[in-house]
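Residues 778 to 1205 (the numbering used here) make up the sequence shown, in order.
Glycine residues also receive a C-beta, built at the ideal position from the N, C-alpha and C atoms.
Read through the structure below, which is laid out as structure tokens, and then see the notes.
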Amino acid sequence: MKRIVLIAAAAVLAAEVFVPAVYAKEEESSSPGEKLETYHRNPAPESIPALLREIDAAALNQHAYPPIAGFFFELCRANPDRVAGWLDIVGTFRNPLLKRYLLPVASAAVPAQAEKVRSLFGPELPARLPSMEEIRKLATVDPDFAWGAYFASGKEEYVFDVLNLALSRIPKGKKENINLTAFAAHWSLLALSQKYPEVETILRNRFRSAPEEELCNFFRSVDVPMRRRFLSEEQLAQLPPPEEKPLPERNNPFAGIYRNWKNRKTSAEETQARVDAYEQLFLEEFPTGDHADICTFFDYYYRGNLPPLKPEEVESTPRTTPWAEAARITRLYRSSQFDAARKALSQLPRILPGSFLGRVLLLQFCRSGWGGITRRNSSVTAAGLSRRSKRPYFPANGAAGAATSGSTITSPVRAAAVPVTGASWKIA
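Structure representation (structure tokens):
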């Protein structure tokens, strides 16, 4: 029984802390992600049945569900007479998680379809379906949902919802109380306004009459060229110089689980105890000969107890056992040998242990995207942690759905966590 509890705790720990980052790549304009983003420019409800099937066939990144739900919410509100037909398609989805996200927003947008939604839910029917007001409020706490709703409708109110989140991101003089969801919202506004002129126009019109306090808050760390895109010369003269943002330490992708406890409800002591219990689970699973390497790996990967290294201090020859090689990869990253680390990480699945528990952990280690984190640093962390905002009536874990193609959809905020050139919500 204790073992089962530890395995469950380990799964929760891994899911919450080391969710792999999946980033969008440039794709042709006909991709489902591009169609979703630009739908508000030329609404075509007759194209939605085919689009829904394309989305269901795509491998959805875990952060893609809220924006798709927001998109479908506004789509149903604008086309109540078509919702019944769209629900017939949603009912045939092979991705059950996508289905569970879209059904509640459809009933909220068009209450007349509530009975049909209940019948499609089957045994997973929630105690009650949400109201339109409850679903609409999601846009005020989740920038991904808001962007999805904007892409469907073009309503500037959703851009303002994201802006209001961004304005609350860092109370002045209280940098230890950073609101990471709001930080991601701020970043996405700057990124998506570069990609979509209509977003830039909405923001420019808003800032034209905004109070000085709001401008100072939003543009506090924004450079002057970016400020000029939104503000008049008179407004620019009233703002203080941009605050300098210290660059994060590029060669330290090891925050360690219990070193991040300040932004979590779990205390440092409790989180450390969980890591210790998780480590003990592996020590019991594997032979004594692996214990030293397992302990080293946990100390580096989970606890972050690895000081900066020089390249010559790290062995260049791959190790033949999975735990020793995993520990070597952490040392490669810590010594800033990112290309070598990524190459070694891509080969690690070839020597995975036979144990199911070990395979799961090391595969998750391979997918953790540390190569991207070393380049994107705190922006990635901000966008990733923003996923913890509450979403009633939706599944608590945004696990990837049924992958029936090589495509991946991610969220606009997650995509906006890369540098603000070319940020988007696309399919890779």
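- Following the DSSP letters along the chain, one finds Gln-971 inside the alpha helix (DSSP H) bounded by residues 957 to 972.
- Leu-837 is not a Cβ neighbour of Leu-813, given a cutoff of 8 Å.
- 8 Å or more divides the Cβ of Val-939 from the Cβ of Ala-929.
- Rounded to whole angstroms, the gap between the alpha carbons of Leu-1008 and Ser-965 is 18 Å.
- Taking one beta carbon from each stretch, the stretch 828 to 848 and the stretch 887 to 906 have fewer than 3 pairs nearer than 8 Å; the two do not touch.
- By the Cβ neighbour-count rule, Pro-881 is buried, with 16 or more other Cβ atoms within 10 Å of its own.
- Ala-923 carries a helical assignment under DSSP once its states are collapsed to helix, strand and coil.
- Separation of Cys-1143 and Ala-1054 (C-alpha to C-alpha, rounded to the nearest whole angstrom) is 22 Å.
- With contacts defined as CB atoms closer than 8 Å, Gln-890 and Val-867 fail to qualify as a contacting pair.
- In this structure, the beta-carbon distance from Gly-899 to Ala-846 does not fall below 8 Å.
- With contacts defined as CB atoms closer than 8 Å, Pro-888 and Asn-856 fail to qualify as a contacting pair.
- Out of Gln-1015, Tyr-842, Leu-879, Pro-1017, the CA that lies nearest to the CA of Leu-852 is found in Leu-879.
- Listed in chain order, the alpha helix (DSSP H) runs fully inside the stretch 827 to 887 are 842 to 855, 860 to 867, 873 to 886, counting runs of at least 4 residues.
- The three-state secondary structure of Val-918, taken from DSSP, is coil.
- Between Ser-970 and Glu-977, the CB-CB gap stays under 8 Å.
- Secondary structure at Asn-819: coil, using DSSP grouped into helix, strand and coil.
- Using a 10 angstroms sphere on the CB of Asn-1082, the tally of other CB atoms stays under 16, which defines it as exposed.
- 8 Å or more divides the Cβ of Leu-944 from the Cβ of Pro-920.
- Here Leu-1129 carries a coil assignment [DSSP, helix/strand/coil].
- The closest CA to that of Glu-910, considering only Val-894, Phe-870, Gly-1066, Ala-883, is found on Ala-883.
- With distances taken between CA atoms, Lys-914 lies nearest to Tyr-935 out of Gly-862, Ser-896, Tyr-935, Gly-931.
- For Arg-871, the closest C-alpha among the options Asp-833, Glu-811, Gln-1124 is that of Asp-833.
- Residues of the same chain with a CB within less than 7 Å of the CB of Glu-1046, apart from the 5 flanking positions on each side, do not exist.
- In this model, Arg-1080 and Thr-1094 are separated by some 25 Å (Cα to Cα).
- The DSSP-derived three-state label of Ala-1069 is helix.
- CA-CA distance, Cys-993 to Gln-1012, rounds to 10 Å.
- In this structure Glu-1090 touches Ser-1112 by the C-beta definition: roughly 7 Å separates them, less than 8 Å.
- Counting other Cβ atoms within 10 Å of its Cβ, Glu-1102 reaches 16 or more and is therefore classed as buried.
- A residue is called buried when at least 16 other Cβ atoms come within 10 angstroms of its Cβ; Asp-1067 meets this threshold and is buried.
- The alpha-carbon separation between Asp-865 and Gln-1124 amounts to approximately 44 Å.
- Cβ atoms of Thr-1065 and Ala-1104 stay farther apart than 8 Å, at about 17 Å.
- For the 8 Å CB-CB criterion, Phe-1075 and Gly-1135 do not form a contact.
- Within the same chain, Cβ atoms closer than 7 Å to the Cβ of Tyr-816 are found at Phe-928, Ala-929, the five residues on either side in sequence being excluded.
- Comparing C-alpha distances from Arg-877 to each of Ile-1128, Pro-843, Arg-1119, Lys-1087 shows the shortest one belongs to Pro-843.
- The Cβ-Cβ distance between Ile-1128 and Pro-1085 does not fall below 8 Å.
- The beta carbon of Pro-1130 lies closer than 6 Å to those of Pro-1099 in the same chain, with the five residues before and after it left out.
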